[in-house]
Ligand SMILES: Nc1ncnc2c1ncn2[C@@H]1O[C@H](COP(=O)(O)OP(=O)(O)OP(=O)(O)O)[C@@H](O)[C@H]1O
Ligand SMILES: [Mg+2]
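Numbering (the working numbering), first residue to last: 1 to 795.
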């Protein structure tokens, strides 16, 4: 049976200093009293007793110690609950320090503090929040229902409709962990390589199989080859045994063959056979020619040596002639060097002669130029004499000129004196002799003085001659060095021409000896070439003779060996075949080794991969399982959503129905007569949704949004209607409804109507407690309710 409240005892709690005991009615109790009389304090006392705190303390609007009356040290609250198996006493003491103690008594059992708390919780199955919204509802809660934001309203209504649990379950079933796990599994799978790893694994397996089968095939082939080798070896050994018997013969034959080979086996085999006597004759001739040529080369001693050789011994003749020819070749080389030296000397001499000729030409040119000066000089000498006689003449003429000049001076002086005497005579008839001082009176007596002009002319002629001679002397002096230079050039020309003649002679000689040497060299070369040809021929004859001889011998030996039953061809064939087989075996072995190594490597890779593949498979299984679980969970979730939507729809319809009935009774203005709660869905499949209140307007019968149309009082009534409807929709194990002055902002009549409705229309099992400030309301209900006047215990 559901729990009810039988009695509440309060002391030292909020409004109550002294002790107050409130005995509550079975069905309906009205607690009335003016403001501050302690009505709400009684409700809070009940709350404190049941939960150890009040909604104000829980939401930190008040400290716990504020619950203790200011005039008391501690508060004590006790509640007696009835129903179930018996009465339960719940008692709490709260010290001013904030410490509190709990005692729960049920029958003969007493529980304290923590254990008591535990016991109490199990009995009530309620939280403080549930208590505030469903059991002890105040004006604030109802206001919140119609005034709060849509999200708060949603939360509250979901909670009150019992849908919150479903939503919580839905949230809890989000599968977040499962999804995370799934993702981790998939990541792990991806890290391991996923499908590609399996592909790689299969590929590797196929490769492994391929390698193994190839290796087996190879091993089989190898076995066959080994068998063949054994057979060949047996035969080979037998033949080898025979071979040792004819070992010496074979060795000899080998030597013979080597000899033949050294003779130029193949070429000789193709040549025709030669006549031995013809060869001997040829050798004799060759010898003679060789000796002769050696003599030509001034190698008399060697020529003697050659003559001494027996021409029938071709090998020694060839050897001696080879060395002699070598010597001749080196002699020829020496001659070539010598010739080169002479030619070099000729070139050098020619260069020198050219230089001399150039110099000579230059000197000749100089001499040509100077010859002119000489002829000028000679002409002057012929006319005027050599420079010495010219100088003498000049000296003579100078003396003459001077004498004439003196004579002329004397004459000029005498004439002046005579003229002076003549003037004296003319003027005075007498004159004094300027020489002796005697007096002269006769002009005729005066000596005759010649005029100086004749002298002057003579002197001037002499001076002209003198001038010419000086000019001649100057020219001669000027020409003298050139004549000396000419002499030098001429003597140089002489010596040059002499040297040139000598050099030309020398060159002539050199050219002659070069020609001679060239001639000799040509001859030597011709002879040598002839000799070389003859030598080649002789050598070829010798080889052919020798070859025929050796072939004969070889044939004999072969016959001898065959007689001993030794088949060399077979042995060679066997050796070749054995070699081939062995080569093939070694190739196969190498291949087999390689294959085995790769088999080992692949096996290692496979085993490493196998572990990864196993864990991949395991992971895949797990991933499939988890994915299954996850999709199941998602299905459950969506089923839950659907159930939630449906249930909510149903609940809302029912709620609208019950609330409409209650509202119609309380709304006394007769403006509205029905309430409808709707869910306006948002989000996928109506998972979420806002609760919307609509009311039917009587006037036109249409539903209008309640919260935007109605008055505060009307809204309070709407909230109360909804709350009462909710309480009926969802019964509680604690069958108590306390309405602490739920709609204060309505008129007295409406309050009476509310109280009456509570007294009469509530379900029979519900204990209702209603507080009001109005004495009239309380008195109106007196016949059906237990009335408790608050305020008596306040002081
Ligand atoms: N710690 C306290 N010590 C002393 N008095 C207190 C204490 N706490 C509250 N009161 C008094 O208690 C009274 C409030 O009581 P309460 O809220 O129960 O009144 P009410 O009857 O519900 O009033 P209303 O009708 O206005 O709601 C006030 O008069 C206040 O002074
Ligand atoms: Mg109050």
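Built from N, CA and C at the ideal position, the CB exists for glycine as well.
Coarse secondary structure for residue 532, derived from DSSP in three states: Taking the first residue of the chain shown as position 1, residue 532 is located at position 532. Looking at residue 532 - three-state DSSP - the assignment turns out to be helix.
6 Å Cβ shell around residue 740 - same chain, five flanking residues per side excluded: Stepping through the chain shown from its first residue, residue 740 is reached at position 740. Apart from sequence neighbours up to five positions away, the residues of its chain that approach residue 740 with a beta-carbon distance below 6 Å are 40, 43, 138 and 771, ordered along the chain.
Buried or exposed by the 16-neighbour rule on C-beta atoms within 10 Å, applied to residue 328: The residue you call residue 328 lines up with position 328 of the chain shown. Burial check for residue 328: the Cβ neighbour count within 10 Å reaches 16 or more, so the residue is buried.
Per DSSP, the bridge partner or partners of residue 786: Walking along the chain shown from the start, residue 786 turns up at place 786. Its beta-bridge partners are 29.
Inter-stretch contact at 8 Å, needing at least 3 Cβ pairs: the region 593–602 / the region 279–286: Contact between the region 593–602 and the region 279–286 is absent, because fewer than three Cβ pairs lie under 8 Å.
Touching by the beta-carbon criterion (3+ pairs, under 8 Å), the region 640–647 and the region 158–170: Touching, yes, given that three or more Cβ pairs across the two stretches are closer than 8 Å.
Cβ-based burial, residue 721 [other Cβ within 10 Å; buried from 16]: As a position in the chain shown, residue 721 is number 721, starting the count at 1. Residue 721 counts as buried, since no fewer than 16 other beta carbons sit within 10 angstroms of its beta carbon.
Residue 535 and residue 321 closer than 8 Å at C-beta: Reading the chain shown from its first residue, position 535 is the one you call residue 535. Reading the chain shown from its first residue, position 321 is the one you call residue 321. It is a contact, given that the beta carbons lie within the stated cut-off.
Residue 98 beta carbon near ligand 1 (any heavy atom closer than 7 Å): By 1-based counting over the chain shown, the position of residue 98 is 98. Answer for residue 98: no, Cβ out of range of ligand 1.
Exposure of residue 71, with buried meaning 16 or more beta-carbon neighbours within 10 Å: What you label residue 71 is simply residue 71 of the chain shown in a count that begins at 1. Exposed: under 16 other Cβ atoms inside 10 Å.
Presumed contact (8 Å Cβ cut-off) between residue 65 and residue 17, rounded CB distance: Taking the chain shown and counting its residues from 1, the one referred to as residue 65 is at position 65. Taking the chain shown and counting its residues from 1, the one referred to as residue 17 is at position 17. Contact doesn't hold; Cβ gap of about 16 Å is too wide.
Neighbourhood of residue 588 by C-beta, 8 Å cutoff - its chain only, sequence neighbours within 5 removed: What you label residue 588 is simply residue 588 of the chain shown in a count that begins at 1. Taken in chain order, the residues that qualify are 218, 221, 222 and 225.
Distance between beta carbons of residue 13 and residue 811, contact taken as under 8 Å: The structure shown has nothing for residue 811, since the chain only spans 1 to 795.
Nonlocal neighbours in the same chain, by C-beta distance under 7 Å from residue 727, ignoring five residues either side: The residue labelled residue 727 in the question sits at position 727 within the chain shown. Excluding residues within five positions, the ones whose Cβ falls inside 7 Å are 134 and 737.
Spatially closest choice to residue 631 from 179, 462, 464 and 34, by CA coordinates: Here residue 631 refers to the residue found at position 631 when the chain shown is read from its first residue. Closest by alpha carbon: 179.
Under the three-state DSSP convention, the category residue 410 falls into: In the chain shown, counting from the first residue as 1, residue 410 sits at position 410. Residue 410 falls in the helix class under three-state DSSP.
Spatial distance of residue 516 from residue 344 (CA atoms): Residue numbering aside, residue 516 sits at position 516 when the chain shown is read from its first letter. Residue numbering aside, residue 344 sits at position 344 when the chain shown is read from its first letter. Rounded to the nearest angstrom, the two C-alpha atoms are 16 Å apart.
Beta-ladder partner(s) of residue 541, from DSSP: Position 541 of the chain shown, counted from the start, is the residue given in the question as residue 541. Beta-bridge pairing by DSSP links residue 541 to no other residue.
Range of the contiguous alpha helix (DSSP H) that encloses residue 137: Residue 137 sits at position 137 when you count from the first residue of the chain shown. Taken as a continuous stretch (DSSP letters only), residue 137 belongs to no alpha helix (DSSP H), being part of the beta strand (DSSP E) at 136–138.
Which of helix, strand or coil DSSP assigns to residue 253: For the purposes of this step, residue 253 is taken as the residue at position 253 of the chain shown. Residue 253: helix per DSSP, three-state reduction.
Residue 719, enclosing alpha helix (DSSP H) - first and last residue: Within the chain shown, numbered from 1, the residue matching residue 719 stands at position 719. Unbroken alpha helix (DSSP H) run through residue 719: 712–729.
Inter-residue CB distance, residue 309 and residue 316 (contact presumed, cutoff 8 Å): Taking the chain shown and counting its residues from 1, one reaches residue 309 at position 309. Taking the chain shown and counting its residues from 1, one reaches residue 316 at position 316. Taking 8 Å as the upper bound for CB-CB distance, residue 309 and residue 316 are in contact here, some 6 Å apart.
Between the CA atoms of residue 548 and residue 279 - distance to the nearest angstrom: Along the chain shown, read from residue 1 onward, the residue named residue 279 stands at position 279. Along the chain shown, read from residue 1 onward, the residue named residue 548 stands at position 548. Using only the alpha carbons, I get a separation of about 14 Å.
Where the beta strand (DSSP E) containing residue 106 begins and where it ends: Taking the first residue of the chain shown as 1, we reach residue 106 at position 106. That run of the beta strand (DSSP E) goes 100–106.
Exposure of residue 112, with buried meaning 16 or more beta-carbon neighbours within 10 Å: Position 112 of the chain shown, counted from the first residue, corresponds to residue 112. Residue 112 counts as exposed, since fewer than 16 other C-beta atoms from the protein chains shown sit within 10 angstroms of its C-beta.
Alpha-carbon to alpha-carbon, residue 699 and residue 782: Here residue 782 refers to the residue found at position 782 when the chain shown is read from its first residue. Here residue 699 refers to the residue found at position 699 when the chain shown is read from its first residue. Taking the straight line from one Cα to the other gives about 36 Å.
Beta-carbon spacing of residue 401, residue 469 below 8 Å: Position 401 of the chain shown, counted from the first residue, corresponds to residue 401. Position 469 of the chain shown, counted from the first residue, corresponds to residue 469. Not closer than 8 Å, so no.
Candidates 159, 118 and 154, of which the one nearest residue 129 by Cα: The sequence position of residue 129 within the chain shown is 129, counting from 1. Among 159, 118 and 154, the Cα nearest to that of residue 129 is on 159.
Residue 48, enclosing alpha helix (DSSP H) - first and last residue: In the chain shown, counting from the first residue as 1, residue 48 sits at position 48. Per DSSP, the continuous alpha helix (DSSP H) segment holding residue 48 begins and ends at 39–51.
Contacts around residue 785, its chain only, beta-carbon distance under 7 Å, and the 5 residues preceding and following it disregarded: Translated into positions along the chain shown, residue 785 becomes position 785. Scanning its chain for C-beta atoms nearer than 7 Å, with the 5 sequence neighbours on each side dropped, one finds around residue 785 the residues 25, 28, 29, 30 and 759, in chain order.
Burial state of residue 253, where buried means 16 or more other Cβ atoms lie within 10 Å: Here residue 253 is taken as the residue at index 253 of the chain shown, counted from 1. Buried, by the Cβ-count rule.
Cβ pair residue 809, residue 81 closer than 8 Å: Residue 809 is absent from the model: the chain starts at 1 and stops at 795.
Expected contact under 8 Å - CB spacing of residue 290 and residue 521 to nearest Å: Position 290 of the chain shown, counting from 1, holds the residue named residue 290. Position 521 of the chain shown, counting from 1, holds the residue named residue 521. Between residue 290 and residue 521, the beta carbon gap of about 19 Å keeps them out of contact (Cβ cut-off 8 Å).
Pocket of ligand 2 defined by Cβ to heavy atom distance under 5 Å: Here the residues come out as 39 and 40.
Residue 608 versus residue 619: straight-line alpha-carbon distance, rounded: Along the chain shown, read from residue 1 onward, the residue named residue 608 stands at position 608. Along the chain shown, read from residue 1 onward, the residue named residue 619 stands at position 619. Whole-angstrom Cα-Cα distance: 17 Å.
Any 3 or more C-beta pairs closer than 8 Å across the region 472–487 and the region 242–257: No: fewer than three Cβ pairs fall under 8 Å.
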